[in-house]
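S.K.: Here it is, the structure in full.
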Amino acid sequence: SLALGVGCSDPTKTHIITFSFDDGFKKSFYRAAEIHENYGLKACFNVIASGHLPTFKAIDPYILPELLGNFNDWNHFVSRGHEVMPHTWEHLNLTKIPLDQAKTNIDKCLDYFEKKLDGYKAEEAVYNYAFNASNKELDDFVMTRVWAARTGGWWFMKDQQMANPIPMDTKPVRIGCWADGPGLCDTYLEKGINDFLASEGGWLIFNLHGFDTEGWGPVSTKYYDNLLKRLLDIKHLAILPAGEVLKNISAGMSTYGH
Numbered sequence: 000s001l002a003l004g005v006g007c008s009d010p011t012k013t014h015i016i017t018f019s020f021d022d023g024f025k026k027s028f029y030r031a032a033e034i035h036e037n038y039g040l041k042a043c044f045n046v047i048a049s050g051h052l053p054t055f056k057a058i059d060p061y062i063l064p065e066l067l068g069n070f071n072d073w074n075h076f077v078s079r080g081h082e083v084m085p086h087t088w089e090h091l092n093l094t095k096i097p098l099d100q101a102k103t104n105i106d107k108c109l110d111y112f113e114k115k116l117d118g119y120k121a122e123e124a125v126y127n128y129a130f131n132a133s134n135k136e137l138d139d140f141v142m143t144r145v146w147a148a149r150t151g152g153w154w155f156m157k158d159q160q161m162a163n164p165i166p167m168d169t170k171p172v173r174i175g176c177w178a179d180g181p182g183l184c185d186t187y188l189e190k191g192i193n194d195f196l197a198s199e200g201g202w203l204i205f206n207l208h209g210f211d212t213e214g215w216g217p218v219s220t221k222y223y224d225n226l227l228k229r230l231l232d233i234k235h236l237a238i239l240p241a242g243e244v245l246k247n248i249s250a251g252m253s254t255y256g257h
């Protein structure tokens with residue numbers, strides 16, 4: 000269909016997968032960038048805005064300040080062609096604090112990205128919730144400032160389908176992702192991808208974190224490297240960062256008059 004082709008910049012692609020890496024683990028993110036570059040792909044990174052600041056405290060046993068990079072790293076990735084997007088100000092579950100406080104937190108994050116991230120454009124940004132936790136009030140607010148809100152797919156997608164439909168226009172959109180942890184997520188990824196590839200298509204977003212032992216629900220480096228290698232052989236599949244999918248849709252809408 001046209002919508003799928005537009006989303007991938009290639010009408011022969013019926014399936015899109017986004018591997019969306021959260022938090023900002025310095026060691027893992029540099030490794031992810033290298034692996035993606037080896038296959039001619041762009042990585043999709045989502046980082047905690049205040050993760051590099053002295054005020055940032057450990058969130059849990061997985062998100063530790065000493066493991067996180069800073070905006071010199073994030074701008075370096077941007078210069079290499081990778082995508083870097085906001086993953087909250089301080090990794091709070093915004094559904095568990097007052098709405099006004101949550102909105103202030105979102106504004107603080109997005110304002111910081113506008114100041115610190117090279118080439119950041121609000122109209123092309125994807126806001127990625129901590130813990131993939133949101134609600135309609137939060138989503139409605141976020142989408143006044145950015146292009147997309149990425150949240151947990153399980154709380155709003157129908158029939159437990161893991162794949163998002165490809166957005167049919169360029170207005171702000173809510174997109175659902177899927178994750179598994181706290182141990183290695185290799186088996187979960189394999190099953191989800193195989194089920195998706197057997198389906199009619201759409202846009203599947205996996206929320207990943209670090210490699211091997213880093214982060215909640217890590218993916219093993221060897222498995223991920225081999226996975227990308229295998230997936231590149233599938234002619235009807237595209238592997239793209241989330242913002243890239245939306246930009247392709249936007250370009251296609253203007254090109255085709257939709």
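Residue numbers for the sequence shown follow this note's numbering, beginning at 0 and rising by one.
Heads up, the beta-carbon is just placed ideally off N, CA and C, and yes, glycines get one too.
This one's a predicted model, so the numbers in the text were calculated from it and none came from an experiment.
Taking the continuous beta strand (DSSP E) assigned at Gly214, which residues delimit it?
M.R.: No beta strand (DSSP E) contains Gly214, which DSSP labels as neither H nor E.
S.K.: Could you spell out where the alpha helix (DSSP H) holding Phe76 opens and where it closes?
M.R.: Note, Phe76: alpha helix (DSSP H), Phe70 to Ser78.
S.K.: Residues in the same chain with beta-carbon distance under 8 Å from Ser249, minus the five sequence neighbours each way, listed in chain order, please.
M.R.: If we look at Ser249 and ignore the five residues flanking it on each side, its Cβ neighbours are Thr169.
S.K.: I need the DSSP call for Cys108, collapsed to helix, strand or coil.
M.R.: Cys108: helix per DSSP, three-state reduction.
S.K.: Going by DSSP, name the residue or residues bridged to Ser27.
M.R.: Ser27 is not bridged to any residue.
S.K.: With distances taken between CB atoms, is the gap from Cys176 to Ser27 smaller than 9 Å?
M.R.: Cβ distance not < 9 Å, so Cys176 and Ser27 don't count as in contact.
S.K.: Quick one: any contact between the segment 98–105 and the segment 44–60, if contact means 3 or more CB pairs under 8 Å?
M.R.: As far as the Cβ criterion goes, the segment 98–105 does not touch the segment 44–60, which means the pair count is below three.
S.K.: May I ask which residues mark the beginning and end of the alpha helix (DSSP H) holding Asp185?
M.R.: Unbroken alpha helix (DSSP H) run through Asp185: Asp185 to Leu196.
S.K.: What does a CB cutoff of less than 7 Å around Lys246 pick up in its chain, not counting 5 residues either side in sequence?
M.R.: Result list for Lys246: Glu123, in chain order.
S.K.: Taking only runs of the alpha helix (DSSP H) that begin and end inside the segment 201–245, which ones reach a length of at least 4 residues, in chain order?
M.R.: For the segment 201–245, whole alpha helix (DSSP H) runs of length 4 or above, ordered along the chain, are 220–230.
S.K.: Whole angstroms is fine: what's the gap from Asn134's alpha carbon to Gly151's?
M.R.: If I take the Cα positions, the gap works out to 10 Å.
S.K.: Just tell me which of Tyr38, Gly23 and Asp22 has its CA closest to the CA of Asp232.
M.R.: Minimum Cα distance to Asp232 is reached at Tyr38.
S.K.: Under the three-state reduction of DSSP, which class applies to Ser19: helix, strand or coil?
M.R.: If DSSP states are grouped into helix, strand and coil, Ser19 belongs with the strands.
S.K.: Quick check on Val5: does DSSP put it in helix, strand or coil?
M.R.: Reliability fails at Val5, whose pLDDT of 45 lies under 50, so the model's placement of it is uncertain and no value is given.
S.K.: Taking 9 Å as the threshold (C-beta atoms), are Val77 and Val46 in contact?
M.R.: Cβ atoms of Val46 and Val77: not closer than 9 Å.
S.K.: For Ile115, collect the residues of the same chain with a Cβ closer than 7 Å to its Cβ; drop the 5 residues on either side in sequence, then sort them by chain order.
M.R.: Here the sequence assigns Lys to residue 115, which means Ile is not the residue at that position. Excluding sequence neighbours, Lys115 sits near Phe70.
S.K.: Going residue by residue through the segment 76–101, where are the continuous alpha helix (DSSP H) segments of at least 4 residues, counting only ones entirely within it?
M.R.: As far as the segment 76–101 is concerned, it has no whole alpha helix (DSSP H) run of at least 4 residues.
S.K.: Quick one: grab the DSSP three-state call for Asn45.
M.R.: Reduced to three states, the DSSP call for Asn45 is strand.
S.K.: Does the count of Cβ pairs from the segment 30–37 and the segment 171–190 closer than 8 Å reach three?
M.R.: Result no; under three Cβ-Cβ pairs closer than 8 Å.
S.K.: Roughly how many angstroms separate the alpha carbons of Ile174 and Glu65, rounded to a whole number?
M.R.: About 30 Å.
S.K.: Can you check which of these residues, Gly80, Leu63, Ala42 and Cys43, is closest to Ser49 by C-alpha distance?
M.R.: Of the candidates Gly80, Leu63, Ala42 and Cys43, the one whose C-alpha sits nearest the C-alpha of Ser49 is Leu63.
S.K.: Straight-line CA distance for Asn127 to Met142?
M.R.: Roughly 12 Å between the two C-alpha positions.
S.K.: Have a look at the DSSP bridge pairing and note the partners of Tyr126.
M.R.: Tyr126 pairs with Ala148.
S.K.: Please determine, among Tyr61, Thr17 and Asp21, the residue with the shortest C-alpha to C-alpha distance to Glu213.
M.R.: If we check each option's Cα against that of Glu213, Tyr61 comes out closest.
S.K.: What span of residues does the beta strand (DSSP E) with Gly180 cover, start to end?
M.R.: It is not in any beta strand (DSSP E) - Gly180 carries neither H nor E in the DSSP assignment.
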